[in-house]
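Step one of this worksheet: look at the structure below.
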Amino acid sequence: MSPPAPQPGPDTLSWELGGTSRIPFAVYTDEQRHQRELERFFYKGHWCYVGLEAEIPNTGDFKRTAIGERSVIMTRAEDGAVHVVENVCAHRGMRFCRERHGNKKEFVCPYHQWSYATNGDLQGVPFRRGVRQDGKVNGGMPADFNPKEHSLTKLKVAVRGGVVFASFDHEVESLEDFMGPAILRYFDRLFNGRKLSILGYNRQRIPGNWKLMQENIKDPYHPGLLHTWFVTFGLWRADNKSQLLMDEHHRHAAMISTRGSAGQAAQVTQVSSFKESMQLEDPRFLDIVPEAWWRMGEEMPTAVMMTLFPSVIFQQQVNSVSTRHIQPDGTGAFEFVWTHFGFEDDSEEMTQRRLRQANLFGPAGFVSADDGEVIEFSQEAFKSKPQHRTLAELGGREVSDTDHMVTETLIRGMYEYWRKVMEADVDPVPSPAEAAS
Amino acid sequence: MNNWTDVAAEADLFEGAGIPVAPGGRNIALFSVDGEVFATDNLCTHGNASLCDGFIEGHEIECPFHQGRFDLRTGAPTCAPVTEAIKVWPVKVEGGRVFLDLA
Chain A
1 MSPPAPQPGP DTLSWELGGT SRIPFAVYTD EQRHQRELER FFYKGHWCYV
51 GLEAEIPNTG DFKRTAIGER SVIMTRAEDG AVHVVENVCA HRGMRFCRER
101 HGNKKEFVCP YHQWSYATNG DLQGVPFRRG VRQDGKVNGG MPADFNPKEH
151 SLTKLKVAVR GGVVFASFDH EVESLEDFMG PAILRYFDRL FNGRKLSILG
201 YNRQRIPGNW KLMQENIKDP YHPGLLHTWF VTFGLWRADN KSQLLMDEHH
251 RHAAMISTRG SAGQAAQVTQ VSSFKESMQL EDPRFLDIVP EAWWRMGEEM
301 PTAVMMTLFP SVIFQQQVNS VSTRHIQPDG TGAFEFVWTH FGFEDDSEEM
351 TQRRLRQANL FGPAGFVSAD DGEVIEFSQE AFKSKPQHRT LAELGGREVS
401 DTDHMVTETL IRGMYEYWRK VMEADVDPVP SPAEAAS
Chain B
1 MNNWTDVAAE ADLFEGAGIP VAPGGRNIAL FSVDGEVFAT DNLCTHGNAS
51 LCDGFIEGHE IECPFHQGRF DLRTGAPTCA PVTEAIKVWP VKVEGGRVFL
101 DLA
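Protein chains in written order, with the UniProt record's numbering: chain A, 1 to 437; chain B, 1 to 103.
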């Protein structure tokens with residue numbers, strides 16, 4: 001019989017071998033840590049994705065979205081600028097905005113009709129000065145009630161290349177410093193100042209912890225193995241010329257790969273695809289046309305998958321470009337919103353090509369449907385075995401940029417950052433004896 | 001062609017707020033400011049509120065709902081959230097009665 005596993009304290013996780021190559025199942029299921037993640041990653045010190053400027057081109061346009069588990073609204077106000085406000089009425093806290101998007105002159109909470117300008121300023125409060133009855137004024141707000149003190153919560157906003165980020169933390173570093181130079185370079189490659197056009201959305205709810213989606217896009221091990229569609233039709237090979245880059249904190253990453261033209265996929269994946277005789281009913285799914293903006297120095301990357309921690313993935317897979325927005329909902333689920341876009345100067349043919357290639361992605365995508373399922377099945381195991389851990393040791397146990405795909409270094413890097421933030425200044429949880437005294 | 005219609009006794013008016021009148025089924029508010037009488041549509045152009053229940057500040061009526069304001073002399077909006085002018089009606093006072101020109 002093996003000795004009993006060491007019992008960790010109420011707020012300590014057992015990280016086998018001391019590093020981050022063995023990730024405790026509990027990081028995906030623990031409610032207390034989930035709240036700390038929201039506070040420390042989504043609501044403080046980080047920029048979170050909220051949308052694209054092209055979603056709100058006109059004055060009064062708005063889109064309801066989320067940062068972490070908080071509902072927020074991205075608006076284009078009278079001043080022409082993008083504002084992000086929290087969807088919580090200053091009066092009774094109601095999430096007053098129910099539409100996903102639209103155009104409004106003002107926001108009015110239906111509960112008591114408090115009215116806000118589209119920049120979040122409180123404009124009017126019914127019966128603020130009371131109600132007249134028989135020559136007498138009854139009630140009303142106190143004389144010192146100052147509407148300026150009761151705006152909607154206004155977030156700090158940064159817009160770069162048509163992409164809108166916001167932070168509840170007005171002390172947050174600049175968006176550029178947040179991304180760091182390595183990631184910023186690839187961000188600017190995709191969002192290089194051309195006006196974006198919105199092609200459409202996919203929305204899904206994945207019954208797994210939100211971090212698993214970040215990890216999925218920091219994991220170049222699985223695409224050629226899980227995604228038989230990739231293997232069968234040669235879109236992803238483990239021997240593609242490739243690079244894995246991180247910011248200095250190892251929280252963000254870019255997986256950059258350039259599709260080669262040689263050979264059968266099975267030669268490198270060792271997966272002899274049982275579907276290798278399959279043909280596409282419509283070969284236009286693979287009608288790939290290189291674009292000038294792909295170029296980075298000598299390279300013409302065909303796939304660049306960027307993870308911006310904690311909230312978003314920016315994706316180029318050949319001609320399909322999209323953002324994927326991660327919106328946690330408890331430890332065991334997240335909303336996942338895909339925004340497929342193009343560029344205003346795209347030809348009609350290019351728009352059709354982007355739309356066709358977008359069939360690979362989203363909840364029913366030829367490729368991405370697989371990811372939603374494996375995340376769900378991992379989460380199921382995590383719940384049932386909280387003392388166990390995952391293994392992320394491909395390519396070693398260290399964290400570094402690489403010039404190949406055969407590594408889980410980006411996942412280890414993300415947890416290195418996670419531990420640094422999550423383990424800092426944790427109030428010790430009192431033992432039952434201390435709590436009782 | 002004027003169409004002066006007797007709508008109220010001047011004595012019914014008071015300073016600070018308005019009274020509603022309904023000549024021919026219209027919904028109109030009368031206000032008295034320093035002895036001068038003004039008439040506007042009663043329903044605010046913004047929310048679903050009666051301006052006669054509002055509060056007069058100088059020559060402005062402040063809506064009781066959202067504190068938007070209109071100039072009683074012109075009907076022009078003077079404070080957000082109202083953006084659309086309110087209709088004003090010509091007024092004359094004769095023999096203690098208030099008349100509106102509803103033409």
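Glycine residues also receive a C-beta, built at the ideal position from the N, C-alpha and C atoms.
| Item | Value |
| --- | --- |
| Could you give the first and the last residue of the continuous beta strand (DSSP E) run that contains L30(B)? | I28 to V33 |
| Is there a Cβ from chain A that is less than 8 Å from the Cβ of H66(B)? | yes |
| Quick check on A11(B) - is its C-beta less than 8 Å from some C-beta in chain A? | no |
| Return the residues of the segment 112 to 139 of chain A that lie within a Cβ-Cβ distance of less than 8 Å from chain B, sorted by chain order. | Q113, S115, A117, Q123, G124, V125, P126, F127, R128, R129, V131, R132 and G135 |
| Are T65(A) and E78(A) close, meaning C-beta to C-beta below 8 Å? | no |
| Using 8 Å as the threshold, is the segment 136 to 150 of chain A in touch with the segment 95 to 113 of chain A, meaning 3 or more CB pairs across them? | no |
| Between T78(B) and F65(B), what straight-line distance do the alpha-carbon atoms span, to the nearest angstrom? | 15 Å |
| Would you say E106(A) lies against chain B (beta-carbon separation less than 8 Å)? | yes |
| Thinking E53(A) and V159(A) are a contact (beta carbons under 8 Å), I'd like their distance in whole angstroms, please. | 6 Å |
| Say whether chain A places a C-beta atom closer than 8 Å to the C-beta of G58(B). | no |
| Can you tell me the Cβ-Cβ gap for P301(A) and I256(A), rounded? I've got them flagged as a contact below 8 Å. | 5 Å |
| Would the segment 322 to 336 of chain A count as touching the segment 192 to 207 of chain A if we require 3 or more Cβ pairs under 8 Å? | yes |
| What in chain A is Cβ-close to F55(B), meaning under 7 Å? | R129 |
| Our contact map puts R189(A) next to W47(A) with C-beta atoms below 8 Å; I'd like the distance itself, whole angstroms only. | R189(A) to W47(A), Cβ: 19 Å. No contact. |
| Any idea what DSSP makes of F25(A), helix, strand or coil? | helix |
| Relative to the alpha-carbon of K105(A), which residue among R95(A), D370(A), M246(A) and Q123(A) has its alpha-carbon at the smallest distance? | Q123(A) |
| Are the CB atoms of L152(A) and A90(A) nearer to each other than 8 Å? | yes |
| Verify whether the separation of the beta carbon atoms of D101(B) and N27(B) is less than 8 Å. | no |
| Reducing DSSP to helix, strand and coil, say where Q270(A) ends up. | Low confidence applies here, because Q270(A) scores a pLDDT of 48, under 50, leaving its location unreliable; read the following figure in that light. Coil, per DSSP. |
| Give me the Cα-Cα distance between G263(A) and F230(A), rounded to the nearest whole angstrom. | At G263(A), the pLDDT of 45 sits below 50, so the modelled position is not reliable; the number obtained from the coordinates is stated separately. When rounded, the distance between both Cα atoms is 14 Å. |
| Rank R356(A), G130(A) and N87(A) by C-alpha distance to the C-alpha of Y116(A) and give the top, closest one. | N87(A) |
| Find the residues of chain A that neighbour residue 104(B), judging by a C-beta separation of less than 8 Å, and give them in chain order. | Nothing can be reported for residue 104(B): it is not among the residues displayed for chain B, which extend from 1 to 103. |
| At a CB-CB cut-off below 9 Å, which residues of chain A make contact with G47(B)? | V108, Q113, S115, G124 and P126 |
| Whose Cβ in chain A lies nearer than 8 Å to the Cβ of A17(B)? | R132 |
| Out of curiosity, what's the CA-to-CA distance linking E348(A) and H249(A)? | 41 Å |
| Report back the beta-carbon spacing between residue 444(A) and G362(A) to the nearest angstrom; my notes put them in contact at under 8 Å. | The structure shown has nothing for residue 444(A), since chain A only spans 1 to 437. |
| Going straight from the alpha carbon of L280(A) to that of S14(A), what length do you get? | 48 Å |
| Output needed for D371(A): all residues of its chain with C-beta closer than 7 Å, excluding positions within five of it in sequence on either side, in chain order. | N216 |
| Output needed for A358(A): all residues of its chain with C-beta closer than 6 Å, excluding positions within five of it in sequence on either side, in chain order. | S320 and H340 |
| Considering only their Cβ atoms, is the gap separating Q214(A) from P310(A) smaller than 8 Å? | yes |
| Do the segment 384 to 398 of chain A and the segment 409 to 422 of chain A touch if we need at least three Cβ pairs shorter than 8 Å? | yes |
| What residue ranges within the segment 384 to 427 of chain A form continuous alpha helix (DSSP H) runs of no fewer than 4 residues, ordered along the chain? | 409 to 422 |
| Looking at chain B, is there any beta carbon in it that lies within less than 8 Å of the beta carbon of P8(A)? | Low local confidence applies: a pLDDT of 47 at P8(A) is under 50, so the model's placement there is unreliable, with the coordinate-based value given in what follows. No, P8(A) lies away from the interface with chain B (no Cβ there is under 8 Å from its Cβ). |
| Near G193(A), which residues of its chain fall below 7 Å by C-beta distance, leaving aside the five closest residues on each side in sequence? | G161 |
| If the criterion is Cβ atoms closer than 8 Å, does the pair G19(A) and R354(A) meet it? | no |
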